[in-house]
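Novice:
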Amino acid sequence: MRCFNVPFISSAAVVVAVKCATAQTAVPLVDIKSVDPTMVIELRYAGANNLAGRALYPPGTPALVRPEVASRLVTAQAILRRYQYQLKIWDAYRPKSVQMQLWQAAHNNDYVADPQAGAGSLHSWGVAVDATLIDTWNRPVLMPTDFDDFTPAAMWHYRGADPAIRSHLHLLQIAMRDAG
Numbered sequence: 006m007r008c009f010n011v012p013f014i015s016s017a018a019v020v021v022a023v024k025c026a027t028a029q030t031a032v033p034l035v036d037i038k039s040v041d042p043t044m045v046i047e048l049r050y051a052g053a054n055n056l057a058g059r060a061l062y063p064p065g066t067p068a069l070v071r072p073e074v075a076s077r078l079v080t081a082q083a084i085l086r087r088y089q090y091q092l093k094i095w096d097a098y099r100p101k102s103v104q105m106q107l108w109q110a111a112h113n114n115d116y117v118a119d120p121q122a123g124a125g126s127l128h129s130w131g132v133a134v135d136a137t138l139i140d141t142w143n144r145p146v147l148m149p150t151d152f153d154d155f156t157p158a159a160m161w162h163y164r165g166a167d168p169a170i171r172s173h174l175h176l177l178q179i180a181m182r183d184a185g
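So the number in the working numbering is just where the residue sits in the sequence shown, counting from 1, plus 5.
#1: Apply the 10 Å Cβ neighbour rule to Trp-142 and answer buried if 16 or more other Cβ atoms are within range, or exposed otherwise.
#2: At the level of alpha carbons, what is the spacing between His-173 and Ala-81?
#3: Express the C-alpha separation of Lys-101 and Thr-137 in angstroms, rounding to a whole number.
#4: Report the residue ranges of all beta strand (DSSP E) runs contained in full by the region 111-178; include only those spanning at least 3 residues, in chain order.
#5: Which whole-angstrom value is the C-beta distance of His-128 and Asp-153, which I expect to be below 8 Å?
#6: Apart from the five residues just before and just after Arg-164, which ones in its own chain have a Cβ nearer than 8 Å to its Cβ?
#7: Using alpha carbons as the reference points, say which of Ala-83, Ala-118 and Arg-87 lies closest to Arg-99.
#8: For Gly-52, which residues from the same chain have a beta carbon less than 8 Å from its beta carbon, with the 5 sequence-adjacent residues on both sides left out?
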């Protein structure tokens, strides 16, 4: 599977006020499911199938993003549905405390943002998601990597040798780009 950390910018819907650990001010965030109930959400940090090997989010944690990001995800979803695919969201807003745990679990590698350096992770601002592509029956499709893969195959510019992987990756990239 492929995981993307893609920032978006635009405008949107139902707002939930959440205290943002990075800015220490109320940042309006939207539950992705409130904007598109058909969006498949599997927050990997709510279970053990992740880098830390344990749940970092409490059960029932919603996938939150800024309203403008939610709007762009809805657009990307509409583009993908034309081709019988859809998004699966693996991560969205991530509190700074969770980012710190990931930073420590990753042993300070180049693939995980240092929460204390610069702006930290875009996830902590609600402007990034980790997503993959699935078919309309919610089945995974061939992608370069699974979630929390820290190899060159997880990079945005990776193309791969397998034509099916290349095709799926290209479709996801085009949908995300065209959504804004």
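The C-beta atom is built at its ideal place from N, Cα and C for all residues, glycine as well. In this text the structure is predicted, and so the values were computed from the model without any measurement.
Specialist: Reading off the structure:
#1: exposed
#2: 14 Å
#3: 23 Å
#4: 135-140
#5: Not a contact, Cβ separation roughly 13 Å.
#6: Arg-171 and Leu-174
#7: Ala-118
#8: Ala-60
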